[in-house]
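Residues in the sequence shown are numbered consecutively from 157, following the numbering used here.
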Amino acid sequence: MVLEIKPTQALRLWREVHLDLVRDTQPDLSVRQIAILLTIYLELPPHTVRGLAARLGVTKPVITRALDSMGKLGLVSRKRDELDKRNVVIQRTVAGALAVEHLADLVTARARELGPA
């Protein structure tokens, strides 16, 4: 399915979704944290700190700081790779899956409301 929208519609959608997130009772996530969360949940595992850093084009400490905050919220968990102790594997959680589902619901609902640009 191809969705054709104009730039102004795309920006309006982005704004409305962000306004919904601001008004929401869920914890605030940074753009970086949302990008990490979506990468973990939309791309096939395994996910490592090193792999996420490469995928997002940031350093490993940047990923680690974001994962620290996300871990406190229960959105992801981490464990050492049993085969290579240097790697930290990022694991999905129920809370993280629900957060991604909630975000998808917000985007879908707002996309349905798109009017002419």
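Think of the CB as a built atom: it goes at the ideal place given N, C-alpha and C, for glycine as much as any other residue.
Residue i versus residue j - alpha carbon distance
i: Ala251; j: Pro163; result: 33 angstroms
i: Gly227; j: Arg234; result: 8 angstroms
i: Arg168; j: Val245; result: 36 angstroms
i: Ala209; j: Thr249; result: 20 angstroms
i: Asp261; j: Arg236; result: 33 angstroms
i: Ile219; j: Leu270; result: 34 angstroms
i: Leu254; j: Tyr197; result: 10 angstroms
i: Leu231; j: Pro217; result: 18 angstroms
i: Gln247; j: Leu177; result: 24 angstroms
i: Ala265; j: Pro201; result: 28 angstroms
i: Arg242; j: Leu185; result: 28 angstroms
i: Arg179; j: Glu199; result: 28 angstroms
Beta-carbon proximity of residue i to residue j, cut-off 9 angstroms
i: Val263; j: Val173; result: yes
i: Val214; j: Arg188; result: yes
i: Arg211; j: Thr195; result: yes
i: Ile192; j: Leu223; result: yes
i: Leu259; j: Ile161; result: no
i: Leu175; j: Ala267; result: no
As assigned by DSSP and simplified to three states, the class of residue i
i: Ser225; result: helix
i: Ile246; result: strand
i: Lys241; result: coil
i: Thr215; result: coil
i: Thr204; result: strand
i: Glu172; result: helix
i: Gln189; result: helix
Identified DSSP bridge partners for residue i
i: Lys162; result: DSSP lists no partner for Lys162.
i: Ser233; result: Gln247
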